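Right, one structure below, let's go through it.
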Amino acid sequence: MVQSGRSGADIHLLQNHLESVLANEPVAVRSGAQIVEVAPQGVSKGVVVEKLLLMMERASLPDLVLCVGDDWSDEDMFENIESLMNDAPSAEVFACIVGQKPSKAKYYLDDIVEVIKMLQGLASASDPSTAPSLPHFADIASLHI
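In structure tokens, the structure reads:
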């Protein structure tokens, strides 16, 4: 994904160029508010969240799942996380969109400052000694997306 402070016209030009260059590749090129995303076809943030949760399920499901996004490209993640976590009644799910706009996220935060404050609050309230071990970053390759 490419993010920049460029204008909408620049983003559109970049998207058109990437679509042209990658026309014969199995990728999808999408643009949003100041982003251009290139991803393998059939892969999205929602698919990745689903795979990660299934991987974690082997050990134990998390107590808390937090998804924060600010763009349309996060909507499938918000939708998937809510439906996946319905099977884990003890897990708290917080899907937050940044900015007050229509979204599948249940909650919103006004801006990045609020996101940082929320993360700082969670960090100060958590007890690292009771935290479950998370999948190692190298295990992400085993997701087979």
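If you read the sequence shown in my numbering, its first letter stands for residue 470, the second for the next number, and so on.
In this text, a Cβ means the ideal position worked out from N, Cα and C, and glycines have one as well.
As the structure is a prediction and not an experimental result, all values here were calculated from the model.
Residue i versus residue j - alpha carbon distance
{"i": "Ser529", "j": "Val490", "result": "43 Å"}
{"i": "Leu487", "j": "Ile585", "result": "33 Å"}
{"i": "Gly568", "j": "Tyr576", "result": "10 Å"}
{"i": "His481", "j": "Gln503", "result": "10 Å"}
{"i": "Asp539", "j": "Val507", "result": "17 Å"}
Same chain, Cβ closer than 8 Å to residue i, five either side skipped, listed in chain order
{"i": "Leu561", "result": "The displayed chain sequence assigns Glu, not Leu, to residue 561. Same-chain partners within the cutoff: Asp532, Leu533, Val534."}
{"i": "Glu519", "result": "Asn549, Leu553"}
{"i": "Pro495", "result": "Pro509, Gln510"}
Residue range of the unbroken alpha helix (DSSP H) whose run includes residue i
{"i": "Glu561", "result": "No alpha helix (DSSP H) contains Glu561, which is instead part of the beta strand (DSSP E) from 561–567."}
{"i": "Glu551", "result": "544–554"}
{"i": "Leu578", "result": "Not the alpha helix (DSSP H): Leu578 falls in the beta strand (DSSP E), residues 576–578."}
{"i": "Lys586", "result": "581–594"}
Own chain residues within Cβ distance below 7 Å of residue i, not counting five before or after
{"i": "Gln484", "result": "Val498, Ser500, Val505"}
{"i": "Lys514", "result": "Ser542, Asp543, Asp545, Met546"}
Start and end residues, beta strand (DSSP E) containing residue i
{"i": "Leu535", "result": "533–538"}
Open item on the list: Suppose only complete runs of 4+ residues qualify. What are the alpha helix (DSSP H) ranges in the segment 485–519, listed by chain order?
Closed with: The qualifying runs do not exist here; there are none.
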